[in-house]
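Below is one structure, written out as structure tokens, with a few remarks after it.
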Amino acid sequence: MERIAGIDHIGIVVRDLDSTAKLYSALLGLEEFGREELAQQGVMVLGLRCGSQVVELLTPTRSDSGVARFLDSRGEGLHHVAYRVPDVAAELDRLRAQGAELVDDAPRRGFGGHLVAFVHPRSLSGVLTELVADSGGHP
Ligand code: CO
Numbered sequence: 010m011e012r013i014a015g016i017d018h019i020g021i022v023v024r025d026l027d028s029t030a031k032l033y034s035a036l037l038g039l040e041e042f043g044r045e046e047l048a049q050q051g052v053m054v055l056g057l058r059c060g061s062q063v064v065e066l067l068t069p070t071r072s073d074s075g076v077a078r079f080l081d082s083r084g085e086g087l088h089h090v091a092y093r094v095p096d097v098a099a100e101l102d103r104l105r106a107q108g109a110e111l112v113d114d115a116p117r118r119g120f121g122g123h124l125v126a127f128v129h130p131r132s133l134s135g136v137l138t139e140l141v142a143d144s145g146g147h148p
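The structure is reproduced here in structure tokens:
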């Protein structure tokens with residue numbers, strides 16, 4: 010079985026969801042399909058459909074969230090790349106066994122209710138990396 014089924018989505022940190030969604034619709038023709046607050050992460054997520062992938066726009070809901078710190082230190086921009094995998098927990102075990110630094114020790118629920126887990130950018134060339142359970146694509 011292939012370990013990575015494909016790119017699921019990319020995440021972009023922005024200051025304002027509404028104005029950015031309008032911009033991406035006007036310039037790129039990407040349309041919003043939903044939004045959701047992830048309270049634990051202190052983030053509001055807006056999904057833009059992009060073929061069989063998704064662009065996630067992320068904005069902080071608390072000043073102490075990781076996304077707030079990202080925005081403060083680096084400004085708006087690309088935040089993470091998410092790969093679709095058959096089994097998030099098994100992939101975490103494999104990565105841990107290879108010495109990768111994990112942000113999440115176990116899968117948790119992310120945007121759209123998908124099981125997700127993050128790998129620290131230190132272990133993947135400076136890119137915060139998300140694993141998403143392959144559940145047949147996005148709505
Ligand atoms: Co994501």
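Per the numbering used here, the very first residue in the sequence shown carries number 10; after that it's consecutive.
Ideal Cβ positions, reconstructed from N, Cα and C, are used throughout, including at glycine.
Keep in mind the model is a prediction, meaning the values are calculated, not measured.
Rounded to the nearest angstrom, what separates V63 and A99 at their Cα positions? 24 Å
Contact check, G56 vs F120, beta carbons under 8 Å: yes
Give a yes or no on whether the minimum CB-CB distance between S34 and chain B is below 8 Å. Structure shown: chain B not included; a single protein chain is present.
Buried versus exposed call for P148 [16 or more other C-beta atoms within 10 Å across all chains shown]: The pLDDT assigned to P148 is 48, lower than 50, so where the model puts this residue is not dependable, and the model offers no usable value.
Quick check: the segment 106-114 against the segment 123-138, are there 3 or more CB pairs under 8 Å? yes
Have a look at the DSSP bridge pairing and note the partners of L32. Looking at the DSSP assignment, L32 forms no beta bridge with any residue, so it has no partner.
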